[in-house]
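As given, the protein sequences belong to chains V and C, one line each in that order.
Residue 144, in the numbering used here, is where the first sequence stops; the numbers in between run on with no holes.
Residue 446, in the numbering used here, is where the second sequence stops; the numbers in between run on with no holes.
We put the beta carbon where it would ideally sit given N, CA and C, even for glycine.
Just so we're clear, the structure is a prediction, and the values are computed from it rather than from any experiment.
Report on one structure; see the data block that follows.
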Amino acid sequence: MATKKEIEEMLRKSGYSEKAIEYYTDKTNLGKIENPDVESTYMGICGDVMTFTLKVEKNRIKDIKFQATCCAGGLSAGSAATKLVQGKTVDEARKLTEEDIARHLEGCPKQKLHCIVLALKSLKKALDEYSEKEKSSKNKK
Amino acid sequence: MMKKVFSNKNRLNHTENKQAQREIYLDNAATTRIDERVLEAMIPYFRKDYGNASSSHAFGKQAKRALEQSRSVIAHAINAEKDEIYFTSGGTESNNLALKGLFYGNYPKKNHIITTKIEHASVINVCEWLKTQGAKITYLDVDSEGFIDLKQLEKAITKKTIVVSIIHANNEIGTIQDLKAIGEICSKKGVLFHTDACQSFTKSFIDVKQQKIDLMTLNAHKIHGPKGVGAIYIKKGIEAHVVPVQHGGGHENGIRSGTENVAGVVGFARAVEISNSLDVQRMSELRDKLIKGVLKLPGIRLNGPKEGKKRLCNNANFIFKELDGEAVGEFLQSYGVYTSTGSACLSHSQGPNHVLIALGCSLDDVGNAIRITLSKYTAEKEIDFVLEMLPKVIKRIKEIESVFKTKK
Chain V
4 MATKKEIEEM LRKSGYSEKA IEYYTDKTNL GKIENPDVES TYMGICGDVM
54 TFTLKVEKNR IKDIKFQATC CAGGLSAGSA ATKLVQGKTV DEARKLTEED
104 IARHLEGCPK QKLHCIVLAL KSLKKALDEY SEKEKSSKNK K
Chain C
39 MMKKVFSNKN RLNHTENKQA QREIYLDNAA TTRIDERVLE AMIPYFRKDY
89 GNASSSHAFG KQAKRALEQS RSVIAHAINA EKDEIYFTSG GTESNNLALK
139 GLFYGNYPKK NHIITTKIEH ASVINVCEWL KTQGAKITYL DVDSEGFIDL
189 KQLEKAITKK TIVVSIIHAN NEIGTIQDLK AIGEICSKKG VLFHTDACQS
239 FTKSFIDVKQ QKIDLMTLNA HKIHGPKGVG AIYIKKGIEA HVVPVQHGGG
289 HENGIRSGTE NVAGVVGFAR AVEISNSLDV QRMSELRDKL IKGVLKLPGI
339 RLNGPKEGKK RLCNNANFIF KELDGEAVGE FLQSYGVYTS TGSACLSHSQ
389 GPNHVLIALG CSLDDVGNAI RITLSKYTAE KEIDFVLEML PKVIKRIKEI
439 ESVFKTKK
């Protein structure tokens, strides 16, 4: 098994930024929220799968976590996405772009650009599903 | 959770463009849409004529009749005899049966198998497993367009060689090997010749007699037939040296036991009957339009043969130099366009694409590759749409990239 230091060095060499490495090794917001308001899964064309769970209060994202079967690229992009929308309203979160995540991450290997796309698509799918759920529960009332 | 992953919602989520209301399926090397006429032909064999072809009553006889008629259709399509066709569950099983069957039918007297570095996993992984059983495997190189070197093949054949197994048309890069030239070498040297023709069947010329083919793998779902059915052609006399992989009630002349998938086989034969050279011609033209259009964009290279005749009529494979191919695929998907990528990602258990590696592509290039495969259902306006969207996708990726100075 490679040590944490060795892994970090490897990621650095492949073009990951310090921020991305930190997210990857700290597993920032990685996990699953109990009884979430929405849970949504998306599979990217690369075959990697990302699941977001969100807790939303008064249309504001109170808590957000994600799980993924993917590489360091996907994991760091997922963490970045959660960091960027935490505390924002659902509508604000929906405005998040790939560029926002890229800017926040400060860098990633060229081959891993699709991980950012994957993270954003997964997040937006979760937001859409939340809004749909809200709409249908309002209609019921 | 899995259900959610594979729900339709996953497919057209977050379409960034209203035009993406339609879905454009361009992954026909993976599988194809079943032809309605095929489905029609199959249904009676579920509803009415559901007999077991081995039963001796009327139900059984009806099933048997359908099975044998279908066998004739497949045989006719490759210029084989009816009793040289054995139905299986598909390409993977046929490849397993050909290689394992011949190995156990010849071992220990002979133990050598020659194949290529660009075979489908159901050949390569069988060969790798056969190594553990005492087999020696030679993997032939391919040139930058995916063609084998006939001289290298001839030199590789030894007294211990059982079979030469070479894919007819490659599923990734569309390279069509010269079956006749290979068949002649094998026949001259007295070794058997097996070819995996899953991608080329009904798309490229096949004549087992003219091309001196001893065994051939065929399947239905790549030609608008049903999944779960295929066939293996075994030249008369050779079946005696093919040990079955699956034992049981002795179906398919003892070569492949298991109640015959009559509806599937009927669908397979119907798909073959429907196939025609006009569709092939049309696909070739659209393929050429696509290739020409894509190559006009900067930094893109074509993988596989440049000459149209030597390339599968429905295959195009590109390397987007300096761009993440998966991102191209992901954005195309946002526009409702479905393609396949070279992928080196964790979830793709097969790892980086071995075919592209065999061509001499770098690992980076493999990650930048996109395969676009057409079918007879592909419309010209769909190709036009792809050609219109690609520059937008590339621009979009460059925009994201420009945010950080990539260190690589």
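Is the CB of residue i under 9 Å away from at least one CB in chain V?
i	result
isoleucine 62 of chain C	no
glutamate 21 of chain C	Outside the displayed span of chain C (39 to 446) sits residue 21 of chain C, for which this structure offers no information.
histidine 52 of chain C	Confidence at histidine 52 of chain C is low in this model, with a pLDDT of 45, below 50, so its placement is unreliable and no value can be given for it.
leucine 384 of chain C	Confidence is the limiting factor: at leucine 384 of chain C the pLDDT is only 49, short of 50, which leaves the residue's position unreliable, though a coordinate-based value still follows. Yes, its Cβ sits closer than 9 Å to a Cβ of chain V.
asparagine 406 of chain C	yes
leucine 361 of chain C	yes
arginine 339 of chain C	no
leucine 428 of chain C	no
arginine 409 of chain C	no
lysine 446 of chain C	Interpretation of lysine 446 of chain C is limited by its pLDDT of 42, a score under 50 that renders its predicted location unreliable; the figure taken from the coordinates is listed afterwards. With 9 Å as the cut-off, lysine 446 of chain C counts as an interface residue toward chain V.
serine 372 of chain C	yes
phenylalanine 356 of chain C	no
Please report the distance separating the alpha-carbon of residue i from that of residue j.
i	j	result
lysine 102 of chain C	threonine 411 of chain C	36 Å
isoleucine 449 of chain C	proline 390 of chain C	Residue 449 of chain C is absent from the structure shown; chain C starts at 39 and stops at 446.
arginine 75 of chain C	glutamate 298 of chain C	21 Å
glutamate 439 of chain C	isoleucine 395 of chain C	26 Å
aspartate 234 of chain C	threonine 255 of chain C	5 Å
isoleucine 329 of chain C	leucine 340 of chain C	8 Å
asparagine 142 of chain V	cysteine 111 of chain V	44 Å
isoleucine 338 of chain C	threonine 240 of chain C	30 Å
aspartate 51 of chain V	cysteine 73 of chain V	5 Å
phenylalanine 306 of chain C	threonine 196 of chain C	37 Å
lysine 99 of chain C	glycine 346 of chain C	46 Å
glutamine 249 of chain C	asparagine 209 of chain C	21 Å
tyrosine 271 of chain C	isoleucine 200 of chain C	17 Å
lysine 91 of chain V	glycine 363 of chain C	32 Å
lysine 98 of chain V	alanine 105 of chain V	14 Å
histidine 114 of chain C	methionine 321 of chain C	24 Å
histidine 279 of chain C	valine 202 of chain C	15 Å
methionine 53 of chain V	leucine 121 of chain V	8 Å
leucine 384 of chain C	cysteine 118 of chain V	Note that leucine 384 of chain C scores 49 on pLDDT, short of 50, meaning its location in the model is unreliable and no value can be drawn from it.
glutamine 284 of chain C	glutamate 12 of chain V	50 Å
asparagine 38 of chain V	glycine 76 of chain V	28 Å
lysine 138 of chain V	lysine 265 of chain C	40 Å
lysine 35 of chain V	leucine 230 of chain C	56 Å
aspartate 29 of chain V	threonine 154 of chain C	44 Å
lysine 226 of chain C	alanine 194 of chain C	14 Å
alanine 258 of chain C	valine 304 of chain C	10 Å
arginine 85 of chain C	glycine 288 of chain C	26 Å
glycine 342 of chain C	threonine 213 of chain C	6 Å
alanine 301 of chain C	serine 372 of chain C	37 Å
tyrosine 133 of chain V	methionine 46 of chain V	18 Å
alanine 207 of chain C	isoleucine 186 of chain C	12 Å
Could you give the C-beta distance for residue i and residue j, rounded to a whole number, given that I count them as a contact under 8 Å?
i	j	result
valine 93 of chain V	valine 59 of chain V	7 Å
phenylalanine 69 of chain V	threonine 44 of chain V	Incorrect: roughly 10 Å between the Cβ atoms, too far for contact.
valine 375 of chain C	isoleucine 435 of chain C	Valine 375 of chain C to isoleucine 435 of chain C, Cβ: 15 Å. No contact.
asparagine 32 of chain V	isoleucine 10 of chain V	At roughly 19 Å, the Cβ-Cβ gap does not stay under 8 Å, so asparagine 32 of chain V and isoleucine 10 of chain V are not in contact.
serine 182 of chain C	leucine 397 of chain C	6 Å
histidine 262 of chain C	aspartate 73 of chain C	4 Å
glutamine 237 of chain C	leucine 324 of chain C	Actually they do not touch by this definition, with Cβ atoms about 17 Å apart.
glycine 25 of chain V	phenylalanine 442 of chain C	Before going on, a small fix: residue 25 of chain V reads as glutamate here, not glycine. Not quite, the Cβ-Cβ distance comes to about 16 Å (not below 8 Å), so this is no contact.
alanine 129 of chain V	leucine 57 of chain V	6 Å
arginine 71 of chain C	serine 413 of chain C	7 Å
Counting only beta-carbon atoms, is residue i nearer than 9 Å to chain C?
i	result
glycine 110 of chain V	yes
serine 20 of chain V	yes
glycine 34 of chain V	no
isoleucine 48 of chain V	yes
glutamate 102 of chain V	yes
lysine 141 of chain V	no
lysine 136 of chain V	no
Along chain A, in chain order, which residues have C-beta atoms closer than 9 Å to that of residue i?
i	result
isoleucine 119 of chain V	The displayed structure is made up of protein chains V and C, and chain A is not among them.
Any C-beta of chain V within less than 9 Å: which residues of the region 179-203 of chain C qualify?
Residues passing the 9 Å Cβ filter: none.
Assess contact between the region 165-178 of chain C and the region 218-228 of chain C, defined as three or more Cβ pairs (one per stretch) separated by less than 8 Å. Is contact present?
Proximity of the region 165-178 of chain C to the region 218-228 of chain C falls short of the contact definition, fewer than three beta-carbon pairs being nearer than 8 Å.
Is the region 396-406 of chain C close to the region 161-168 of chain C, with three or more CB pairs under 8 Å?
Judged by Cβ distances under 8 Å, the region 396-406 of chain C makes no contact with the region 161-168 of chain C, as fewer than three pairs qualify.
Does the region 327-336 of chain C touch the region 310-319 of chain C, meaning 3 or more C-beta pairs lie closer than 8 Å?
Because the criterion of three Cβ pairs below 8 Å is not met, the region 310-319 of chain C and the region 327-336 of chain C do not touch.
Three Cβ pairs or more, each shorter than 8 Å: is that satisfied between the region 75-91 of chain C and the region 418-426 of chain C?
Taking a cut-off of 8 Å for Cβ pairs, the region 75-91 of chain C and the region 418-426 of chain C do not touch, as fewer than three such pairs fall below it.
Between the region 114-125 of chain C and the region 141-151 of chain C, do at least 3 Cβ pairs fall closer than 8 Å?
Remark: fewer than three beta-carbon pairs, one from each stretch, lie closer than 8 Å, so the region 114-125 of chain C and the region 141-151 of chain C are not flagged as touching.
Can you give me, in chain order, the residues of the region 82-95 of chain V that have a beta carbon less than 7 Å from any beta carbon in chain C?
Cβ contacts with chain C: none found.
Contacting positions in the region 50-76 of chain V - beta carbon closer than 7 Å to chain C:
Listed by position, the residues of the region 50-76 of chain V near chain C (Cβ gap below 7 Å) are Gly50, Asp51, Val52, Thr72, Cys73, Cys74.
Residues of the region 124-157 of chain C whose Cβ lies closer than 7 Å to any Cβ of chain V, in chain order:
Under the 7 Å Cβ criterion, the region 124-157 of chain C contributes no residue.
Against chain V, which members of the region 281-299 of chain C pass a CB distance test of less than 7 Å?
The residues in question: there are none.
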